[in-house]
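Chains as they are written, first to last, in full-length UniProt numbering: chain L, 1 to 152; chain P, 1 to 152. We treat Cβ as the ideally placed atom computed from N, Cα and C, and that holds for glycine. Predicted model, so just to flag it, every value in this text is computed and none were measured. Structure, as structure tokens:
2 protein chains.
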Amino acid sequence: MDAVDRQIIAALRVNGRATYADLGRQVGLSASAVHERVGKLESTGVITGYHAVVEPTAVGLGVTALVGIVPTDTGDNEEIAEALAELPEVESCYAVAGDEAFVVKVRVPTVDELERTLGRLRRIDGVARTRTTVVLSTRFEGRPNNAEVAPG
Amino acid sequence: MDAVDRQIIAALRVNGRATYADLGRQVGLSASAVHERVGKLESTGVITGYHAVVEPTAVGLGVTALVGIVPTDTGDNEEIAEALAELPEVESCYAVAGDEAFVVKVRVPTVDELERTLGRLRRIDGVARTRTTVVLSTRFEGRPNNAEVAPG
DNA sequence: ATCTGCCGGTCGACAGCGTCCACGGCGCCA
DNA sequence: TGGCGCCGTGGACGCTGTCGACCGGCAGAT
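See below:
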């Protein structure tokens, strides 16, 4: 992976629908060469996908929370992670150091639904309790740190 | 916004580079009609953008942390949020209920760099202290809750 | 009832793009 | 030196993006 790959990555993180021709013009290669490079970045797992980002409230997901997951003494983290992945409202899942084994971000339509989700989380085998931080607003999210990837 | 819009949104959240023709075949409209709808979803801010998702470690961002920001008694949340937004390593920023005013997710290359970032966070006017949760691994992230958006 | 305007659709033209492949240049190694 | 792998260009061809003309359905006004 060289500086040109990094430029391509940075550009696609900003605009995931950029055409190969656009990218080529940006990095000084032909569209075919860019296509080849992007294909390689995808097949090697550097680029894992392209996604539209949607304003959550516009699609009815008006409640966001960060939930710490505290395991039981005998809980198995792999199994807990698998169970967390089964819940569609769990958008992100981080294994963390500390009392909590995981912090998850959930998005649901209402506070009632959040309560139900918390119940579901607590019913996972190996989960002792949860610690909920209600998000009042999402100031920004998923912003790529392109300063490190393609400096300049 | 109707059920077809929701289908389009769901499909674009899965594959942000889907062609209008692909989407049209999925929802039973012509490419032009889909293009028109997508344009409207973009211009009304429902779809805020399209982004490549990149494996952080592949681009040198091997350290992730969730950092709670505890404000001083006189700290101004708007000013803190603006300062947080100035730091490229801060990928996400949530205003939260509780002791902390914000929780931010930071991604940096090394633990040394994390320490520097924490210093920068603590030096923001209005920030009393930070509480860091080191992420050991990102199990998954930014997964769209399409079950709510386009059930089916 | 009819008429009008709006909305959302199809269709087609045309420039541009995506995909694939042939080919060439360059660097490295035996 | 020659051979190989890598990475690039360029071209062919089907597909797509963009735009505009046109149409039909629906709601509201007369």
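Residues near residue i by beta carbon distance below 6 Å, same chain, minus five either side
i	result
S137 (chain P)	none
A10 (chain L)	N146, V149 and A150
residue 167 (chain P)	There is no way to answer for residue 167 (chain P), as the model of chain P reaches only from 1 to 152.
V90 (chain L)	L84, V104 and V106
Q26 (chain P)	A11
Q7 (chain P)	V27 and A150
CB contact below 9 Å: residue i versus chain P
i	result
V90 (chain L)	yes
A33 (chain L)	no
V27 (chain L)	no
G45 (chain L)	yes
A81 (chain L)	yes
V4 (chain L)	no
Proximity of residue i and residue j at Cβ, strictly below 9 Å
i	j	result
A3 (chain L)	A97 (chain L)	no
V46 (chain P)	M1 (chain P)	yes
V134 (chain L)	V103 (chain L)	no
I69 (chain P)	T130 (chain P)	yes
R143 (chain L)	A81 (chain P)	no
V53 (chain P)	H51 (chain L)	yes
E141 (chain P)	Y94 (chain L)	yes
A128 (chain P)	P71 (chain P)	yes
T57 (chain P)	A58 (chain L)	no
Own chain partners of residue i with C-beta closer than 7 Å, once the 5 adjacent residues on each side are dropped
i	result
D5 (chain L)	R37 and L41
A31 (chain L)	Y20, A21 and G24
D76 (chain L)	G126
E79 (chain P)	D125 and G126
E55 (chain P)	none
T132 (chain L)	A65, V67 and L118
S92 (chain P)	V104 and K105
R122 (chain P)	R129 and T130
Contacts of residue i in chain L (Cβ-Cβ under 9 Å)
i	result
E148 (chain P)	V59, G60, L61, P88, E89, R107, V108, P109 and E113
T117 (chain P)	By Cβ distance, chain L contributes nothing, its closest Cβ being about 10 Å from T117 (chain P), past 9 Å.
L66 (chain P)	L66, Y94, V96 and V103
Any non-hydrogen atom of the ligand GDP closer than 8 Å to residue i Cβ
i	result
A83 (chain P)	As presented, the structure is devoid of all ligands, the ligand GDP included, so that no description of it is given.
Integer Cβ distance of residue i from residue j, believed to fall under 8 Å
i	j	result
G16 (chain P)	G16 (chain L)	5 Å
L114 (chain P)	A83 (chain P)	That pair is no contact at about 18 Å.
Contact list for residue i against chain L, beta-carbon separation under 8 Å
i	result
Y50 (chain P)	N15, G16, R17, Y50, H51, A52 and V53
I124 (chain P)	Correct list: empty, because the minimum Cβ distance to chain L is about 14 Å.
Contact list for residue i against chain P, beta-carbon separation under 8 Å
i	result
S137 (chain L)	Y94 and A95
Neighbouring residues, chain P, relative to residue i (Cβ below 7 Å)
i	result
I69 (chain L)	Chain P residues near I69 (chain L): none, gap ~11 Å exceeds 7 Å.
Neighbouring residues, chain P, relative to residue i (Cβ below 9 Å)
i	result
A85 (chain L)	R139, F140 and R143
Closer than 9 Å to chain L by CB, residue i
i	result
T74 (chain P)	no
V134 (chain P)	yes
L12 (chain P)	yes
E36 (chain P)	no
Beta-carbon contacts of residue i that lie in its chain and below 8 Å, excluding the five residues immediately before and after
i	result
V111 (chain P)	V63
R120 (chain P)	L87
T74 (chain P)	G126
R13 (chain P)	P144, N146 and V149
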